[in-house]
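As they're listed, the protein sequences go chains E and V.
When the first sequence is numbered by my numbering, its final residue is 636 and no position is left out of the sequence of numbers.
When the second sequence is numbered by my numbering, its final residue is 636 and no position is left out of the sequence of numbers.
All residues carry an ideal CB built from backbone N, CA and C; glycine is no exception.
Remember, predicted model here, so these are calculated numbers, not experimental data.
What follows is a short report on a single structure.
There are 2 protein chains.
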Amino acid sequence: MSVKRTSRDIRTANRYEVLRQIIAESPTSRQELAAATGLSLATVATLVGELLELRMITEVGFEDSAGGRPRGLVAVNASGGALIGVDIAETYVHVELFDLALNVLARAEEDVRPGESLPGQMVSHVAATVGSVVTQAGIEGARVLGVGVSVPGQVDRATGISEYAPNWDWHDVPLLDLLTEHIAYPLYLDNPLRAGAVAELWFGAARGRGDAVVVNLGTGVGAGLILGGGLHRGVSNSAGEWGHNTIVLDGRLCRCGNHGCVETYVGAPGIMLNLRESSPGSTLLHPEDQTATIAALAQGMLRQDPVAIKVVRDTARYLGAGIADLVNLFNPEVVVLSSWVAAALGEPLLAEVREAVARHALPRPMAATEIVLSTIPTDPACLGAATFALEGALQSVGQKSGKKRTTTVKNRMAPTS
Amino acid sequence: MSVKRTSRDIRTANRYEVLRQIIAESPTSRQELAAATGLSLATVATLVGELLELRMITEVGFEDSAGGRPRGLVAVNASGGALIGVDIAETYVHVELFDLALNVLARAEEDVRPGESLPGQMVSHVAATVGSVVTQAGIEGARVLGVGVSVPGQVDRATGISEYAPNWDWHDVPLLDLLTEHIAYPLYLDNPLRAGAVAELWFGAARGRGDAVVVNLGTGVGAGLILGGGLHRGVSNSAGEWGHNTIVLDGRLCRCGNHGCVETYVGAPGIMLNLRESSPGSTLLHPEDQTATIAALAQGMLRQDPVAIKVVRDTARYLGAGIADLVNLFNPEVVVLSSWVAAALGEPLLAEVREAVARHALPRPMAATEIVLSTIPTDPACLGAATFALEGALQSVGQKSGKKRTTTVKNRMAPTS
DNA sequence: GGACTTCGTAAACCCCCTTTCCTAACCCCT
DNA sequence: AGGGGTTAGGAAAGGGGGTTTACGAAGTCC
Chain E
220 MSVKRTSRDI RTANRYEVLR QIIAESPTSR QELAAATGLS LATVATLVGE
270 LLELRMITEV GFEDSAGGRP RGLVAVNASG GALIGVDIAE TYVHVELFDL
320 ALNVLARAEE DVRPGESLPG QMVSHVAATV GSVVTQAGIE GARVLGVGVS
370 VPGQVDRATG ISEYAPNWDW HDVPLLDLLT EHIAYPLYLD NPLRAGAVAE
420 LWFGAARGRG DAVVVNLGTG VGAGLILGGG LHRGVSNSAG EWGHNTIVLD
470 GRLCRCGNHG CVETYVGAPG IMLNLRESSP GSTLLHPEDQ TATIAALAQG
520 MLRQDPVAIK VVRDTARYLG AGIADLVNLF NPEVVVLSSW VAAALGEPLL
570 AEVREAVARH ALPRPMAATE IVLSTIPTDP ACLGAATFAL EGALQSVGQK
620 SGKKRTTTVK NRMAPTS
Chain V
220 MSVKRTSRDI RTANRYEVLR QIIAESPTSR QELAAATGLS LATVATLVGE
270 LLELRMITEV GFEDSAGGRP RGLVAVNASG GALIGVDIAE TYVHVELFDL
320 ALNVLARAEE DVRPGESLPG QMVSHVAATV GSVVTQAGIE GARVLGVGVS
370 VPGQVDRATG ISEYAPNWDW HDVPLLDLLT EHIAYPLYLD NPLRAGAVAE
420 LWFGAARGRG DAVVVNLGTG VGAGLILGGG LHRGVSNSAG EWGHNTIVLD
470 GRLCRCGNHG CVETYVGAPG IMLNLRESSP GSTLLHPEDQ TATIAALAQG
520 MLRQDPVAIK VVRDTARYLG AGIADLVNLF NPEVVVLSSW VAAALGEPLL
570 AEVREAVARH ALPRPMAATE IVLSTIPTDP ACLGAATFAL EGALQSVGQK
620 SGKKRTTTVK NRMAPTS
């Protein structure tokens with residue numbers, strides 16, 4: 220019962236691991252890969268062979284080896300395929316098209332006007348934008364390996380239904396089916412929390428870590444959980460809803476209806492409230508504009524503005540308590556601060572958070588945990604969504620296909636992991 | 220990197236699964252086992268064969284099968300081995316000797332007097348008690364498969380060092396080495412949180428669940444995490460320290476030095492404080508006796524005492540917020556309330572907690588989660604510790620030993636699980 | 001007693017990883 | 001230029017594991 224593990228999963232995990240490593244350090248040798256992954260040379264060689272045959276990587280020359288036969292080098296074949304990540308957020312839709320080295324080849328960003336949030340409108344919006352990035356990038360459609368879509372709220376991956384999207388009051392929208400009608404590429408659906416976590420796992424600070432927590436600081440707040448080297452989804456794919464954990468019983472009212480949720484103190488609106496409470500008339504405050512306020516705070520930190528310092532410190536105090544909870548519970552190797560608020564406030568916030576977490580967390584788990592900023596430059600939800608597509612493309616490779624690969628086209632489900 | 224998974228792990232997990240199932244439903248057939256575990260009949264048959272050869276189970280007759288060959292039945296061979304669980308707690312040491320059906324064959328309980336908490340004293344204490352239960356049960360020593368020891372605080376399993384035990388101010392005590400000098404059986408060391416979780420995973424409400432949280436309510440408070448069908452340890456084996464999560468920022472002072480920890484509200488001393496705050500002169504309060512106070516509260520609930528009802532409701536309110544955090548974060552299938560406070564307050568507490576959690580948790584994860592009381596009748600830390608020993612005995616079975624098993628005695632490390 | 005049913009073992013097969021062996025490819029030195 | 005020496009990497013063998021298939025075993029039913 221519970222979770223069925225098969226030897227195939229091991230293969231898939233190893234394939235991921237090898238490709239991750241190649242992407243991270245692109246001209247690399249089989250020797251290096253074996254050392255980095257802990258796999259035997261033979262296994263690495265066969266996996267590299269698979270990836271070569273898929274044209275995801277190419278041989279790019281040789282490297283001297285102390286006196287013997289030179290090492291063959293392989294690198295990502297950037298043009299070996301394209302991945303599309305779609306980040307459907309509250310107020311915008313980002314679509315990015317990546318090559319296999321995860322460079323952005325084309326990008327489209329559109330605002331969602333308040334009245335346009337019906338599923339049907341959203342879907343045709345997204346479909347049009349996906350089409351436009353493909354042409355914009357000058358890619359043949361056949362090269363698109365898949366499209367990952369990040370949508371807020373709860374997503375049932377098996378059915379592709381957006382069970383609940385808080386912002387637009389969506390209930391049980393069969394999003395995957397709707398998208399399939401307009402988009403011919405393989406589709407992968409999940410939410411931004413998990414997308415961000417997978418992005419960090421593949422390309423960011425969680426790479427090579429067994430246990431990591433990716434803390435998402437945006438308008439909303441949440442955590443993506445990497446446990447045992449893979450994404451933790453929970454039984455109904457809704458793990459990681461950290462934003463509505465209580466840190467101040469009977470505290471501030473949250474949009475979820477409860478009081479004292481983490482989000483009400485460290486989400487962008489919460490930070491604005493922190494600012495308003497500590498210095499009501501501050502010029503840093505842009506009442507109706509979260510982005511501007513957070514940017515103003517960041518500016519303030521640069522010039523050592525005492526108001527900004529106080530607000531960041533207050534915020535870090537809440538954040539520290541909340542993250543300490545995560546450290547105590549999960550005992551992760553690394554906690555990654557991600558999303559736009561973390562990116563905007565950057566190092567100053569990080570320094571305060573580190574201190575605050577150290578005050579709240581137990582010494583032993585704390586000693587084992589590193590707290591870092593995300594190094595992902597673009598929208599992590601986009602990148603993560605694209606990563607789901609990459610994982611999907613890698614999922615069922617090299618299966619029983621006999622000699623003639625084209626004859627036995629198996630009808631495959633979207634990958635479950 | 221990260222976590223290395225091998226096909227051997229699959230085998231071990233399946234072995235666990237099959238034995239768990241047999242213990243749970245003791246006269247059972249291979250057919251039933253295959254259906255329950257999802258394994259093929261052939262795999263079940265070989266696994267059952269292994270267990271038979273180990274004499275952990277025996278064939279116990281046949282069962283009619285609709286018109287065909289009767290099914291062979293197997294059952295736990297209770298006398299096929301003995302397991303010892305040691306629960307070293309703040310004020311007492313419990314030692315229980317189990318047969319393979321996990322019945323208690325012998326039990327010893329000794330109080331630890333305040334002055335006797337030096338590691339050396341504790342170790343000889345434990346060793347003597349272990350010896351006494353073995354003779355008391357009339358078991359030959361050879362049949363003891365192992366001794367599991369649960370000790371509070373942080374434990375490094377690789378080195379067997381008790382890194383930090385808060386109650387007695389132990390620092391980096393090489394407990395495993397000390398015990399090895401006195402106890403000849405295989406030893407397994409961990410803390411009560413994880414022991415309780417494993418006990419529930421094997422014999423309790425978490426059996427067959429992929430994701431479960433075992434909430435420990437005693438003097439201290441913590442959570443054991445079952446994720447992906449196995450125990451989650453975290454990077455330094457200290458995951459699950461839920462008791463010091465903040466639910467009331469700047470709330471009650473905790474012994475950990477922080478304020479507003481869950482433990483200060485729902486640990487036994489916290490509950491006493493809840494009582495004292497809501498009705499200072501209550502006769503339910505036994506100032507220096509946690510056990511008596513909790514028992515008095517339980518009695519009060521039975522006769523609908525309004526003071527008791529209020530205290531339990533207050534406690535459940537805190538507990539509800541804390542458990543809701545776990546539900547939101549982990550999205551588990553089941554939350555199990557365990558340990559002596561939960562056992563004492565039982566159903567009335569459970570009812571209040573369910574309600575409180577439902578108020579605080581997000582609807583979607585909440586809908587997928589069941590909250591139940593532990594059904595383990597004895598000390599869960601003892602049972603869990605014994606389970607570690609059972610897992611250890613099962614870990615490296617059927618390995619390459621050629622024909623003559625006795626010649627190739629491999630020197631094996633304690634299992635890392 | 002034969003036909004039918006069902007259980008459970010044995011053998012064949014597929015997947016995975018590792019170890020071992022051997023050839024390929026390069027260096028250096030004579 | 002032609003051997004050693006050295007390292008890379010492919011091929012084959014080997015050890016785990018799980019599943020499918022085939023078949024004998026052990027009953028029931030007619």
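Requested in this report: Answer with yes or no whether the minimum CB distance from residue 390 of chain V to chain E is below 8 angstroms.
Outcome: Within the second sequence, residue 390 of chain V is the residue found at index 171, counting from 1. Chain E, which has no Cβ nearer than 8 angstroms to the Cβ of residue 390 of chain V, makes this no.
- In angstroms, rounded to a whole number, what distance separates the CA positions of residue 430 of chain E and residue 356 of chain V? Indexing the first sequence from 1 puts residue 430 of chain E at position 211. Indexing the second sequence from 1 puts residue 356 of chain V at position 137. If you draw a straight line from the Cα of residue 430 of chain E to the Cα of residue 356 of chain V, it comes to about 43 angstroms.
**Where residue 455 of chain V falls, given that 16 or more other Cβ within 10 Å makes a residue buried** = Position 236 of the second sequence, counting from 1, holds the residue named residue 455 of chain V. Burial call: buried.
Subject >> Interface residues of the segment 552-565 of chain E facing chain V [CB-CB below 7 angstroms] >> reply: 552
query: residue 289 of chain E and residue 278 of chain E: beta carbons closer than 8 angstroms?
result: For the purposes of this step, residue 289 of chain E is identified with residue 70 of the first sequence, where counting begins at 1. For the purposes of this step, residue 278 of chain E is identified with residue 59 of the first sequence, where counting begins at 1. Cβ distance not < 8 angstroms, so residue 289 of chain E and residue 278 of chain E don't count as in contact.
Requested in this report: Within the segment 467-519 of chain E, note down every full beta strand (DSSP E) run reaching 3 residues or more, in order along the chain.
Outcome: Qualifying beta strand (DSSP E) stretches: none in this window.
*asked:* Between E:313, E:333, E:336, E:335, which has its C-alpha nearest residue 664 of chain E's C-alpha?
replied: As shown, chain E starts at 220 and ends at 636. That puts residue 664 of chain E outside it, with no answer to give.
Inset, instruction - Helix, strand or coil for residue 248 of chain E, going by three-state DSSP, please let me know. - result: Here residue 248 of chain E corresponds to residue number 29 of the first sequence, with the count starting at 1. The answer is strand: DSSP assigns residue 248 of chain E an E or B state.
Exercise. Is it true that the segment 531-550 of chain V meets the segment 572-591 of chain V, where meeting means three or more beta-carbon pairs spaced less than 8 angstroms apart?
Worked result: Because the criterion of three Cβ pairs below 8 angstroms is met, the segment 531-550 of chain V and the segment 572-591 of chain V touch.
In terms of residues, what are the limits of the beta strand (DSSP E) holding residue 387 of chain V? Stepping through the second sequence from its first residue, residue 387 of chain V is reached at position 168. Per DSSP, residue 387 of chain V belongs to no beta strand (DSSP E) and is neither H nor E.
Below 8 angstroms between beta carbons: does that hold for residue 222 of chain E and residue 447 of chain V? Mapped onto the first sequence, residue 222 of chain E falls at position 3. Mapped onto the second sequence, residue 447 of chain V falls at position 228. In this structure, residue 447 of chain V lies closer than 8 angstroms to residue 222 of chain E by Cβ.
* Asked: Can you tell me whether residue 306 of chain V is buried or exposed, with buried defined as 16 or more other CB within 10 angstroms of its CB?
  -> Locating residue 306 of chain V in the second sequence gives position 87, where the first residue counts as 1. With 16 or more Cβ atoms within 10 Å of its Cβ, residue 306 of chain V is classed as buried.
Proximal residues to residue 581 of chain E (C-beta, below 7 angstroms), its chain only, five neighbours per side dropped: Locating residue 581 of chain E in the first sequence gives position 362, counting from the first residue. The residues are 547.
* Specify the secondary structure class of residue 409 of chain E as computed by DSSP and reduced to three states. => As a working mapping, residue 409 of chain E is identified with position 190 in the first sequence. In the structure shown, residue 409 of chain E sits in a strand (DSSP, three-state: E or B).
**OP:** Counting only the same chain and skipping the five closest in sequence on each side, list residues whose C-beta sits under 7 angstroms from that of residue 318 of chain V.
**Re:** For the purposes of this step, residue 318 of chain V is taken as residue 99 along the second sequence, with counting starting at 1. Counting only Cβ-Cβ distances below 7 angstroms, and skipping sequence neighbours, we find 297, 298, 301, 324.
Margin query: Quick check on residue 387 of chain E - is its C-beta less than 8 angstroms from some C-beta in chain V?
Written below: Looking up residue 387 of chain E in the first sequence gives position 168. Chain V contact via Cβ: absent.
Practice prompt. Express the C-alpha separation of residue 460 of chain V and residue 589 of chain V in angstroms, rounding to a whole number.
Written response: Reading the second sequence from its first residue, position 370 is the one you call residue 589 of chain V. Reading the second sequence from its first residue, position 241 is the one you call residue 460 of chain V. Their Cα atoms are separated by approximately 21 angstroms.
Q) Count the other CB atoms within 10 Å of the CB of residue 646 of chain E; is the residue buried (16 or more) or exposed (fewer)? A) Residue 646 of chain E lies beyond the stretch modelled for chain E, which goes from 220 to 636, so this question has no answer here.
Task: Contact the segment 361-374 of chain V vs the segment 600-613 of chain V: 3+ CB pairs below 8 angstroms - done: Contact between the segment 361-374 of chain V and the segment 600-613 of chain V is present, with at least three C-beta pairs closer than 8 angstroms.
Which of the three DSSP states, helix, strand or coil, is assigned to residue 318 of chain V? As a first step, residue 318 of chain V is located in the second sequence; it is residue number 99 there, counting from the start. Strand.
>> I'd like to know if the segment 553-571 of chain E and the segment 373-382 of chain E are in contact, where contact means that at least 3 CB-CB pairs between them fall below 8 angstroms.
In response: no
Strand pairing of residue 549 of chain V, partner residues [DSSP]: Along the second sequence, read from residue 1 onward, the residue named residue 549 of chain V stands at position 330. BP columns for residue 549 of chain V are empty, so no partner.
Problem set entry | Residue from E:270, E:585, E:586 with nearest C-alpha to residue 241 of chain E | Sequence index remark: in the first sequence, residue 241 of chain E carries index 22 (1-based). Cα-wise, what sits closest to residue 241 of chain E is E:270.
Original post:
In chain order, which continuous runs of the alpha helix (DSSP H) of length 4 or greater are located wholly inside the segment 370-450 of chain E?
Top reply: 394-401, 411-422
Discussion item. In the DSSP assignment, the alpha helix (DSSP H) including residue 571 of chain E goes from what residue to what residue?
Written reply: The sequence position of residue 571 of chain E within the first sequence is 352, counting from 1. 559-579 is the span of the alpha helix (DSSP H), which, as asked, contains residue 571 of chain E.
**Prompt:** Given that residue 373 of chain V touches chain E, what residues does it touch there, using C-beta distances under 8 angstroms?
**Reply:** By 1-based counting over the second sequence, the position of residue 373 of chain V is 154. Here the neighbours are 583.
### Message
By DSSP's criteria, residue 313 of chain E is part of a beta bridge. Which residues make up the other side?
### Response
Here the question's residue 313 of chain E lines up with position 94 in the first sequence. Paired residue(s): E:306, E:328.
Check the Cβ-Cβ distances between residue 475 of chain V and every residue of chain E, and say whether any is below 8 angstroms. Against the second sequence, residue 475 of chain V aligns to sequence position 256. True, the Cβ-Cβ gap to chain E drops below 8 angstroms.
Worksheet item: List, in order along the chain, the chain V residues whose C-beta lies closer than 9 angstroms to that of residue 461 of chain E?
Response: By 1-based counting over the first sequence, the position of residue 461 of chain E is 242. Result: 544, 547, 548.
Worksheet entry | Nonlocal neighbours in the same chain, by C-beta distance under 8 angstroms from residue 232 of chain V, ignoring five residues either side | Counting from one through the second sequence, the residue named residue 232 of chain V turns up at place 13. Within the same chain, and ignoring the five residues on either side of residue 232 of chain V in sequence, the residues whose Cβ sits closer than 8 angstroms to its Cβ are 448, 449.
Subject >> Where residue 238 of chain V falls, given that 16 or more other Cβ within 10 Å makes a residue buried >> reply: Counted from its first residue, the second sequence places residue 238 of chain V at position 19. Per the 10 Å Cβ criterion, buried.
Would you say the segment 482-499 of chain V touches the segment 434-442 of chain V, given that touching needs at least three Cβ pairs under 8 angstroms?
Taking a contact to require three or more Cβ pairs closer than 8 angstroms, the segment 482-499 of chain V and the segment 434-442 of chain V qualify as touching.
- How would you call residue 457 of chain V, buried or exposed, if buried means at least 16 neighbouring beta carbons within 10 angstroms? The sequence position of residue 457 of chain V within the second sequence is 238, counting from 1. When all chains shown are included, residue 457 of chain V counts as buried.
Minimum Cβ-Cβ distance from residue 506 of chain V to chain E less than 8 angstroms:
Within the second sequence, the letter at position 287 stands for residue 506 of chain V. No, its Cβ sits nowhere closer than 8 angstroms to a Cβ of chain E.
Query raised in the report: Using a Cβ cut-off of 7 angstroms, which residues of the segment 491-523 of chain V contact any Cβ in chain E, in chain order?
Result: none
_Using 8 angstroms for Cβ pairs, my map puts residue 386 of chain E next to residue 371 of chain E. What's the rounded Cβ distance?_
Along the first sequence, read from residue 1 onward, the residue named residue 386 of chain E stands at position 167. Along the first sequence, read from residue 1 onward, the residue named residue 371 of chain E stands at position 152. The pair is a contact, with the Cβ atoms about 6 angstroms apart (cut-off 8 angstroms).
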